Amino acid sequence: MVRAPVTPETKIAAALDADPGLIERLIALNAVFAKLRNPVLRKTMAKLVSFSEAAKVAGVPLEAMLAVANGHGAPAPAGEAPKPEAMPDWAQAIDLAKATTLDVRPLLARGEEPLSVVMRTAKDVPAGGALVLDAPFDPAPLRRVLGTKGFAAHAANLADGHWRVFFLKRGEAPPSATAPGTARHWREGDLPHIDVRGLEPPEPMLAILRLLEAPGTGDTVIVHHERDPIYLYPELAERGWAGEIVPGDEGEVRLRLARPPT
Amino acid sequence: MTLVASNFLGGAKSRLLPASIPFRYFGAAAIFHLIFWVALFLGAEDLPRYGGGQGPLLAAIHSLTLGVLAMTAMGAAFQLLPVATKAPLRAVWPTRLASWLMIPGVALLVLGMGTAHHEAQALGAAAAVLGLAIFAVLVADNLRRTSGMVLVTGNAWGAVAALVAVLGLGFALIVDQEHGLFEHHGRVAATHMILAVYGFMGLLAMGFSYILVPMFALSPAPDVGLGRTSLAFCVGGVAVAASGALAGSTPLGALGGALGFVGIVLHLRLMTEVMAKRMRKQLGPSFVLVRLGWAFLPLSALLGIAAASDLVPRAATFFGAAALMGWLLTFVMGILQRIVPFLASMHAAKTGRAPPLVSALTPEAPLKVHFWCHVGALASIGLGLVLDEVLILRLGAAVGAAGAVAFLAFFVMVMARLKAQGGGAKP
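These protein sequence lines map, in sequence, to chains A and B. Take the position in the first sequence, starting the count at 1, then add 13; the result is the number in the working numbering. Take the position in the second sequence, starting the count at 1, then add 222; the result is the number in the working numbering.
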C-alpha cells in the first residue's frame, strides 16, 4: 500500500499510525522526540501537532523532519532551525506573582494528559489576566487553541526540556445580557481573524478596536464584517492603522487592517 | 506593508451620503444658533415672565427648536439612522428637498415671529412643516424596514409620532392667531411645547444617544431592557403631560412630569453606565457639554412638574430655559462639536486616501471659546432669571452670541480643512 506523503500540515499521530517505524527515525533525528514513546502524549498532543509545529517545538528544520517521515534517507543538511522569537513587551510586563501559574511537567512525567487541566485553568483567567505555563516543550497546538479563546501567547525556551509559555487574555468585555452575540476570534496563517457579523453597532467597532489594542495582536488583522464599517476608519486613523477591502466570501465584507511600519 | 489606497472606503460610498447633505443641516444649525442668541438678547426683557406671544422671544425659541435642534436632528438622522438600522435611504433627493423647504422656511418663520408678520410666519411655517413631514416620512420608512437597534428605533418611532402632532398643532397655532380656532390658545401652545421638546426632540436625542454616545466614547451598547423601560416611562410621561396641558389639568400635568422623570432617571443611569465602561478616556470639552446637558435634563422635568403644579413662581420660565437651553441646546452643541469633524474625516477619505485624523480637522481654539461662552451664557441666564434682572439676561445672551460666532468659525474652519483635503462635495 502506498502511504500518503507527509506534509507540513500532517499531524504527528497520523504519520505514526501510518508508519510505526517513524518514531525511532524521529528520535534518531532529535532526542526530544523520545517523548512520543509516551502513549498518553501520542493520544493527545500528537493528534493536535502538525509536522511544522513539531519542527518548531523540537527546534529542528522542517525539511529534515519531512525527509525522515517520507523515507528519503538521511536528514537533509539544508534548512535552518526556527529562530526563537523575541519576547514581546506584554509578555515581559507579566508579573509572575499576580499571574495564574501552572506547571504541567509533573503531569506529563506521570503520563497524564494535561490539556483538560490547562483548559480548566485558562477558563478562570479574567480578561487582561495572565496564565504562565511551564512545560517540557513548546505546546504549539495549545497556543493555537487558546488563541481562538482570546489569548495572546509567547513561548520562551528557558532550558533544555523547560519551556515557559506566557498567555495573556485579551481585554474582551464579558458578553452583556443584551448583546446578541460576541465577536469570534481565531488565528489563521499566523494572522488574527475577527468575525463581527451579526453584532449590532457599535459592538463590531469596539470588538475590532479591542483586538487592535490587545497585546500580541501584531501588525495585521483580518476582519470579517457584514458591511463596510465606515465609522471605524477615523478610529483606525487615530491609532495609526489603515484598512483595505480584500476578497471575501459572498455577502461578506472582508477587511485587512494593517499598521504600517513607522 | 503597503495598503491599496484606492480601495480605502471604496465600498462605503453607498452608505455615506454626499457631504453636502449632513453639513448643510449642521451649517444651518450653526447660523440659527447665532440668530437664537441675538433674538434672545433683543427679547430679554420679556423672558422672566414670558407667556407666549409674538416678538423676538418667540423668534428665539423657534430659532432654537427648529433652527438648531430640528436641523441637527435631520442632518444626523439622514446620515446616521440608515447606518444604525442597516436600511439605506431609498433616495437622496428627498433629503435635499427637505432642506430646501426647511432652511428658508424656518428663516421666514423666525423673521415673521420676530416682526409679528403673519403672512411670513404662515408661509415659513408651511414650508417648515413640509420639510419636517418629508423628514418624518423618510425616518418612518427607514424604521419600518429594520428590526434591530430596538432602543434607537423605539425612541425614533416615538419621536416621529410626536412630530406629527407637533406639526399639526404648530401650524394650527399660527392659523389661530388670525382666525381664532382655539378657546385656550395657551393650553394648545403648552401641549405643542411639551410634545416638541420632550416628545420629538427629547425622544430623538435619547434614542440617538444610545448609538452616538457609545460610538464616540467607545463603549458597549446600553442594556436594552432598561432602555425599553425608560422609553415606556418617557412616552407615557409625554402623553400624560401633553394631555394634562391640553385639558388644563394640574394633576395630569404633574403625573406626566413624574412619569417622565422616572424615564429620564433610567435613561441617565444607562448613559452613566455607558460612560463608566468606555474605552476612550479623554473625551474633550464636547462631552463636558453633553454631561452638562444631562444634568439639566432631570432638573427640567422637576421644574416642569413645579410649573404644572404652580408650586414655584415663574416656574414655567425656568422650566423652558432648563429644557431648551440647559438640556437640549447644551447636549446638541456637544454632539455637534464631535460629529462635525468626525463626519468630515470620513468624507475626506472618500477621495481615495486614508481619512485624515479627526483631531487634525478639529480647530481647538474656537471650540474652547464656544465652550466657555456657552457655560457663561447659561450661568448668566440662570442668574438673570433668579434675580429677574434684564441686564444680566442680556449679558448672558451676548456671551452666548459670542460663543455662537466661535462655533460658526469652528464649522467654517472644519469645512475649509475638509475642502483642503479634497473631500468637499457638491450640494
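By construction, the Cβ of each residue, glycine as well, lies at the ideal position given by its N, Cα and C atoms. All of these numbers come straight from a predicted model, not from anything done at the bench.
Quiz item: By DSSP, does B/Phe483 sit in helix, in strand, or in coil?
Solution: helix
Exercise. Using the Cα positions of B/Ala454 and B/Leu385, report the straight-line distance between them to the nearest angstrom.
Key: 17 Å
Quiz item: Which first and last residues belong to the alpha helix (DSSP H) in which B/Trp322 is found?
Solution: Trp315 to Thr337
Self-check item: Chain-ordered chain B contacts of A/Pro205 [CB-CB under 9 Å]
Solution: Going along chain B, no residue has its Cβ under 9 Å from A/Pro205, so there is no contact; the nearest lies around 15 Å.
Quiz item: Cβ atoms of B/Thr307 and B/Leu365: under 8 Å apart, would you say?
Solution: yes
Quiz item: Looking at A/Ala220 and A/Ala165, is the spacing between their C-beta atoms short of 8 Å?
Solution: no
Quiz item: Over what stretch of residues does the beta strand (DSSP E) that includes A/Asp208 continue unbroken?
Solution: Leu204 to Asp208
Exercise. Can you give me, in chain order, the residues of the segment 237 to 253 of chain A that have a beta carbon less than 9 Å from any beta carbon in chain B?
Key: Glu239, Arg240, Asp241, Pro242, Ile243, Tyr244, Tyr246, Pro247, Glu248, Leu249, Ala250 and Glu251
Exercise. Return the CA-CA distance between A/Ile235 and A/Gly211, expressed in angstroms with no decimal places.
Key: 17 Å
Quiz item: Given that a residue counts as buried once 16 or more other Cβ atoms are within 10 Å of its Cβ, and exposed if not, what is A/Met132?
Solution: exposed
Quiz prompt | Beta-carbon separation (whole angstroms), B/His569 vs B/Ala628, contact threshold 8 Å | solution = 23 Å between Cβ atoms; not a contact.
Quiz prompt | Closest by C-alpha distance to A/Leu120, when choosing among A/Ala71, A/Asn51 and A/Leu75 | solution = A/Asn51
Quiz item: Using the C-alpha atoms, what's the distance from A/Pro152 back to A/Lys60?
Solution: 12 Å
Self-check item: Alpha-carbon to alpha-carbon, A/Val70 and A/Pro33
Solution: 21 Å
Practice problem: Tell me where the alpha helix (DSSP H) around A/Asp147 begins and ends. | Solution: Counting along the chain, A/Asp147 falls outside any alpha helix (DSSP H), though it belongs to the beta strand (DSSP E) covering Ala143 to Ala148.
Self-check item: Positions along the segment 212 to 233 of chain A whose CB lies within less than 9 Å of some CB in chain B
Solution: Glu213, Pro214, Pro215, Glu216, Met218, Leu219, Leu222, Arg223, Glu226, Asp232 and Thr233
Self-check item: Stretch pair the segment 340 to 348 of chain B + the segment 404 to 423 of chain B: three plus CB contacts closer than 8 Å
Solution: no
Exercise. Below 7 Å CB to CB, which residues in the same chain sit around B/Ser431 once its five sequence neighbours on both sides are set aside?
Key: Met493
Quiz item: What is the rounded straight-line gap between the Cα of B/Pro244 and the Cα of B/Val328?
Solution: 17 Å
Quiz prompt | Local Cβ density within 10 Å of A/Pro260, reported as buried at 16 or more and exposed below that | solution = exposed
Quiz prompt | 8 Å Cβ cutoff, B/Pro473 in contact with chain A | solution = no
Exercise. Scan the segment 552 to 578 of chain B for residues whose Cβ lies nearer than 8 Å to a Cβ of chain A and list them as they occur along the chain.
Key: Phe564, Ser567, Met568, Ala571, Ala576, Pro577 and Pro578
Practice problem: Locate the alpha helix (DSSP H) running through B/Phe650, then write down its first and last residues. | Solution: Here chain B covers residues 223 to 649 and nothing more, so residue 650 of chain B does not appear.
Exercise. Round the Cβ separation of B/Gly526 and B/Thr552 to the nearest angstrom and send it over; I've been treating them as touching at under 8 Å.
Key: B/Gly526 to B/Thr552, Cβ: 17 Å. No contact.
Practice problem: Take B/His596 as the anchor and find which of B/Val621, B/Leu607, B/Val612 and B/Thr472 has the nearest alpha-carbon. | Solution: B/Val621
Quiz item: Should the segment 280 to 293 of chain B be called in touch with the segment 543 to 558 of chain B, which here means at least 3 C-beta pairs below 8 Å?
Solution: yes
Self-check item: Span separating the alpha-carbon of B/Ala498 from that of B/Gly380
Solution: 28 Å
Exercise. Please classify A/Val62: does DSSP put it in a helix, a strand, or coil?
Key: coil
Quiz item: How should B/Pro473 be labelled, buried or exposed, when 16 other C-beta atoms within 10 angstroms of its C-beta is the threshold for buried?
Solution: exposed
Exercise. Over the uninterrupted beta strand (DSSP E) stretch that includes A/Glu125, give me the two end residues.
Key: A/Glu125 -> no beta strand (DSSP E), and no H or E assigned at all.
Practice problem: Would you list, in sequence order, the uninterrupted beta strand (DSSP E) runs of no fewer than 3 residues that lie entirely inside the segment 617 to 649 of chain B? | Solution: none
Self-check item: Within-8 Å CB hit, B/Met635 to chain A
Solution: no
Quiz item: Between the segment 306 to 324 of chain B and chain A, which residues of the former have a C-beta closer than 9 Å to a C-beta of the latter?
Solution: Ala306 and Lys308
Quiz prompt | Beta-carbon contacts of B/Gly376 that lie in its chain and below 6 Å, excluding the five residues immediately before and after | solution = Leu453
Practice problem: Go ahead and label B/Thr294 buried or exposed: buried means 16 or more other beta carbons lie within 10 angstroms of its beta carbon, across all protein chains shown. | Solution: buried
Quiz item: Tell me which same chain residues have a C-beta within less than 6 Å of the C-beta of B/Pro436, skipping the five on either side of it?
Solution: Ala443 and Val496
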